[in-house]
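K.L.:
Sending over a structure as C-alpha cells; questions will come in a sec.
Residue numbers (the working numbering), protein chains in the order written: chain A, 136 to 1024; chain B, 10 to 143.
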C-alpha cells in the first residue's frame, strides 16, 4: 500500500471499517482481485479447489487457460485407461460445468503465449490480452524427446507413430494404434515407461522397453532391486534392453522401428517416449522470471524476480507457480503428492487463510501401477553417507526385493518390490520420521511375538479384523469402546474382554486403544496392582500382609481394600499369595479358591472335570496303566487322553465321582489344574538312549517330587533333557534343565511354547543334580514372592532381566538366598496331597454337582470303538472304523 | 414371608411362589454357591458372609457354565468357565451376557427355602443383552 494514502487513514474515522478491508484493486468486479491461472492440469485445478474451499470465490475473479480442450482429469490414472482397467469418464475430476458453476472463466484449448509481469497481463494465442493481479503458472511438463535421428519431421512435429505418454490425447492415440498394430517400443524404463509397456502388453502387443540406464527404474531402485524388477517385467512378456540408447527412429511416413547404440534395429509400429519429462518453463523464462531446471519458487510458491508486491498489509499480488513446472529448494517433482501440498500452501497464502503458510518440500513415495508387479519406493534407494544403515532382503525367485535405508534412527529410504505389505507402516515411519525398532529387520518382517507385529497391526488393521482371537473382539469393537468413553487399556479390556483370553494379544490391544484414543490415553492405576480389588502393588501388599499378619483372604480385604469390600475377582490371587507367604498358618477360606482348587480337578466346558494322576517325569508302570484303564471303564469316562505333559488324563468325570475316582486310582494328584508347578517332562535320558549325557529321567522325577503342587503366580511347566537334542523341549519350558556332559547341567528359565513362544534364558550351568534342585527351588521361591498374579515366567524373567536374576540367585547380591532357600524348604515340607481330601470333604457338599439336572452343554462323546472312544470290549472292530454305540460290532 | 420379588430382567410374579425347602443351612458353605433343584428348575444358592442368601438361575447364559461353582463376593458371582460376572442381588450381567433370573432364598427354622420368581420365564432369564461394565 502506498505511503501517502496511509497518512489519511487516521482522519477517516467516519469509516472505521475501511482500514480493515483490503483496498479495492483495479479492474475486478465488485473490487475483487483478478486471478489468472495458466494451465488446467492437476496442479492448477487442485489449487483452484483449495482456493474455493477457503472462500477464494469471493476474493477473486478467476480466469483459467488450458491447452487441452477438456475439463480437468486425473493424469495419474491414464495408465489404467491405457491398460483398459478404467475408462475416460472414470478419471474426470472436474467437468467444464464445474468451472461455470464456480464462476470461473475457463478458456479451454487456448494457449497463453506471453506474460508481461510489469504490465501484469497475459497474451494468448488469439492475441487477446488479459490483465491480472495474481498470476499462477501451472504449466506442468512435457515428455522429454531424447535426441534421436528421425524422431521429428521437417516441420518439427513428431513422426507419426511416435507419441509421448502424457495426456488424454496421447493415450487415445496409443489406444488407437494398439488396435491397428502389433509391435511397440517404449523408450525409457522408468515408472511411466513400465506402465505404458504394461498397458500396451495388455492389448496384446509385442512390447520392447529400451532403457539407457543400467537397470529399470533407476531413479527409485538400486541395481539389485532393478534386476528383480526386470525379472517380473519379463514375466509379463515384455522384452527389456538396458544400458543402451535409441539413437534413431526409422521410417519415412510412419515409424517402423528404432536403432540402438550397437546398431541393432528393433522393428516397431509405434514408439512411446517415456524417457523423462521437461518442465514447461518457457513462458516464465521469456517473462524474465528466474528459471533453472524449472521455474524457481520460494516457500510460498512465489516466483523470483517477478515483481511481487512486498508486505504493506495488502494481499500478496504477483506471480506464483505450482506443480511439475516448479523448482523448489533445488528439487523438481514429477509426482502428484507434492502438488497437493503446494496447492494447499498457496491457497492459504493467496486467500489470507494462513498468510504465513510455507511449503518445505515433500517426502515422496512412488508406486508402480502395473498389475502383479508391485513396487513402492520412498526416499533413498541406497545409503548415501557413511553411517547410513542398509537392510536388504532379496528373493529373486519370487520376485521379491526389499530394502530400507536408516539414518540416525530414522527411515530415509525404503524399497518394496513384489511384497509391498509393509508399505503403510514404512510410509508412516518415513513421512513422520518416527523412531524405528532397534531390530531393523522388523521394518520388513513380522518377527514372532515382538513389537513389530503390533506396530504394523494397530494402524493397518481393518476394523473388522479380529484382535483378540480368544474372545472374538475386533479392532472395531475396541475402537467403539474407546469412543464410548473408555480411555484406559484396562478399561477397554474389561469392557470388551479383549486380551482376557490367552493374553497374547494384550500389547496389540494396547496399541489399538492408544491409536483410537489419539493421545487421550489414560493409565488405569490398577494395572500395577497385584489383584484388582486391593489397590497395592505386590511388594506393598506383601509388606502389609506380613506387617499386619493377615492370614486369610477376608482379613486382607477388611484391612486393605477400600471400604473393606470383598472382590470375587481378587480372591484367587490372594489365596495363592497367602499360601505362599504363610504355608501352615494360612487360614483357608474355601470360597476364596477357584473351583479347580476347591475340588482339585480342571473344570471342563460341560461342568465335568478332568482327572490327571501324577506320573512323575512321564514314567509309568504296567500296574499304573492297568489301574487307570480299570477306572476309565468303571466311570465310563468320555475320553482317555495322553497330555502334552506326558501324563494320562481322564476327561468327563462328574464332580460327585471325583472322590471315588481318586480312591480307586490310589495315586496322588498330578496338579493339572492349578496355578502351581505342574509336571516335569523328560526324555529317556541315559538308561536307554544312546545319546544321553545325563540321567534326565531321574532328575525330572526328583524335581517333580520335590516341587509338586507348589503354588506359583501362574502355572509352571518344567522339562529335563539328557542332551541338547532337546527331545522333551526343555528350552521352551518355564524351567528347563539340559545335560551337557561331564556331569554338568544347564538351567534355563523363562521359556514358553504356548500362546507365546520364547526360548528360555540360561540362568546357570551347575555340576550336579543336587545343585539343580537347589537352584530351581531358589528360582521358584523368588518367582513366588516377586511374580505378579498370573505373570508367567516368560514375562517375569524378561521383566527383571536374566542378569539381575543371576546376581540375586547366584551371587546373592541382595542377601536373599538364605531366606529363599529356607522358605522353599518350609513350603515343600507343608505339601499334602490334595486328593486325600476325597476321604473327608473340607466343606459340606464340596463334591456335589453344580448342575444337577441338565448336563449342559453336552460334549459329544466319541463313539465306541472310534479313535479316542471307549472300546466296547476287546473283540470290537478295528479302531479305524467308527461304530455307533449299540450297533452290532 | 410374603415379600414380592422382582426377578432378573424385571419379571414379577403377582403371587409369590410357594417356598421350597432345599435343605439345612449347614449344607451351604459360607462364601460359596450350591446348586439345588426347585420345581424342576436349577437354582444356584449363595451364602454370604453376613448370613444373607442369594439365588440365581444355575446355568450361565453364555456357554452353560455352572454358576454355583463360581467365585462370589458381597455383590457378584463370576462364572468359572469364562469369567462372566452377574450381580447377585438382581441377576444382571456385568459382562454383556443375558441376565440371569433372580430368585428369593431365605432361612426358615434353620432350613434354606427358595421361592422361584418369574417361574414361567424361559430358563436363563429374559433375553436382554446388556453391555454394562464392571
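Just so you know, even glycine gets a beta-carbon here, dropped at the ideal spot from N, CA and C.
1. Just verifying my parser: in three-state terms, what is the DSSP assignment at residue 722 of chain A?
2. If we define contact as Cβ-Cβ less than 8 angstroms, is residue 125 of chain B a contact residue for chain A?
3. Where are the alpha helix (DSSP H) runs, 4 residues long or more, that stay fully inside the stretch 29 to 70 of chain B, in chain order?
4. Report the residue ranges of all alpha helix (DSSP H) runs contained in full by the stretch 451 to 526 of chain A; include only those spanning at least 4 residues, in chain order.
5. Would you mind sorting residue 777 of chain A into buried or exposed? The rule is 16 or more other CB atoms within 10 Å of its CB.
6. Over what stretch of residues does the alpha helix (DSSP H) that includes residue 710 of chain A continue unbroken?
7. At a CB-CB cut-off below 7 angstroms, which residues of chain B make contact with residue 701 of chain A?
8. Comparing C-alpha positions only, which one of A:490, A:775 and A:692 sits nearest to residue 744 of chain A?
9. Measure the C-alpha to C-alpha separation of residue 193 of chain A and residue 262 of chain A and round it to an integer number of angstroms.
10. Against residue 729 of chain A, what residues of chain B qualify as contacts under a CB-to-CB distance less than 8 angstroms, listed in chain order?
11. Which of the three DSSP states is assigned to residue 1046 of chain A in this structure?
12. Find the nearest neighbour of residue 425 of chain A within the set A:403, A:438, A:413 and A:415, judged by alpha-carbon distance.
13. What is the rounded straight-line gap between the Cα of residue 171 of chain A and the Cα of residue 555 of chain A?
14. By the 10 Å Cβ neighbour count, where 16 or more other Cβ atoms means buried, how is residue 446 of chain A classified, buried or exposed?
15. Please classify residue 347 of chain A: does DSSP put it in a helix, a strand, or coil?
16. With distances taken between CB atoms, is the gap from residue 540 of chain A to residue 522 of chain A smaller than 8 angstroms?
17. In whole angstroms, what separates the C-alpha of residue 642 of chain A from that of residue 756 of chain A?
18. Is residue 724 of chain A close to chain B? Criterion is C-beta to C-beta, closer than 8 angstroms.
19. So what does DSSP say about residue 882 of chain A, is it helix, strand or coil?
20. With a threshold of 8 angstroms between beta carbons, is residue 43 of chain B in contact with chain A?
21. Please tell me whether residue 980 of chain A has its Cβ less than 8 angstroms away from any Cβ of chain B.
22. Looking at chain B, which residues of the stretch 742 to 770 of chain A have a Cβ within less than 9 angstroms of any of its Cβ atoms?
23. What are the partner residues of residue 201 of chain A, as DSSP defines its beta bridges?
24. At least one CB of chain B closer than 8 angstroms to the CB of residue 983 of chain A: is that the case?
25. By Cβ distance, which residues of its chain are closer than 6 angstroms to residue 846 of chain A, with the 5 residues on each side in sequence left out?
26. Tell me the residue span of the beta strand (DSSP E) that contains residue 421 of chain A.
27. Less than 8 angstroms between CB atoms is the rule here; does residue 29 of chain B satisfy it with respect to chain A?
28. Looking at the secondary structure, which residues open and close the beta strand (DSSP E) in which residue 574 of chain A lies?
29. Return the chain-ordered list of same chain residues with a C-beta closer than 6 angstroms to the C-beta of residue 547 of chain A, the five sequence neighbours on each side being excluded.
30. Name the residue from A:211, A:254, A:229 and A:280 whose alpha carbon lies nearest to the alpha carbon of residue 306 of chain A.
31. Chain A partners of residue 86 of chain B, CB-CB under 7 angstroms?
32. Compute the beta-carbon to beta-carbon distance between residue 430 of chain A and residue 460 of chain A, rounded to the nearest angstrom, for a pair I have assumed lies under 8 angstroms.
33. Looking only at its own chain, which residues have a Cβ that is under 6 angstroms from the Cβ of residue 784 of chain A, when we skip the five neighbours before and after it?
34. Would you report the Cα separation of residue 761 of chain A and residue 627 of chain A, rounded to the nearest angstrom?
35. Using a Cβ-Cβ cut-off of less than 9 angstroms, give me the residues of the stretch 99 to 116 of chain B that come near chain A, in sequence order.
36. Which residues share a DSSP beta bridge with residue 548 of chain A?
P.N.:
Walking through what the data contain:
1. coil
2. no
3. none
4. 472 to 486
5. exposed
6. 706 to 717
7. 82 and 83
8. A:775
9. 29 angstroms
10. 80 and 89
11. In this structure chain A extends from 136 to 1024, so residue 1046 of chain A is not present and cannot be described.
12. A:438
13. 42 angstroms
14. A caution first: residue 446 of chain A carries a pLDDT of 42, below 50, which makes its placement in the model too unreliable to give a value.
15. coil
16. no
17. 45 angstroms
18. yes
19. strand
20. yes
21. yes
22. 742
23. A:243
24. yes
25. 711, 714, 715 and 811
26. Per DSSP, residue 421 of chain A belongs to no beta strand (DSSP E); it is in the alpha helix (DSSP H), 417 to 421.
27. no
28. That residue, residue 574 of chain A, is in no beta strand (DSSP E); it is neither H nor E in DSSP.
29. 514, 515 and 540
30. A:211
31. 703
32. 5 angstroms
33. 745, 747, 776 and 778
34. 51 angstroms
35. 104 and 105
36. A:514 and A:540
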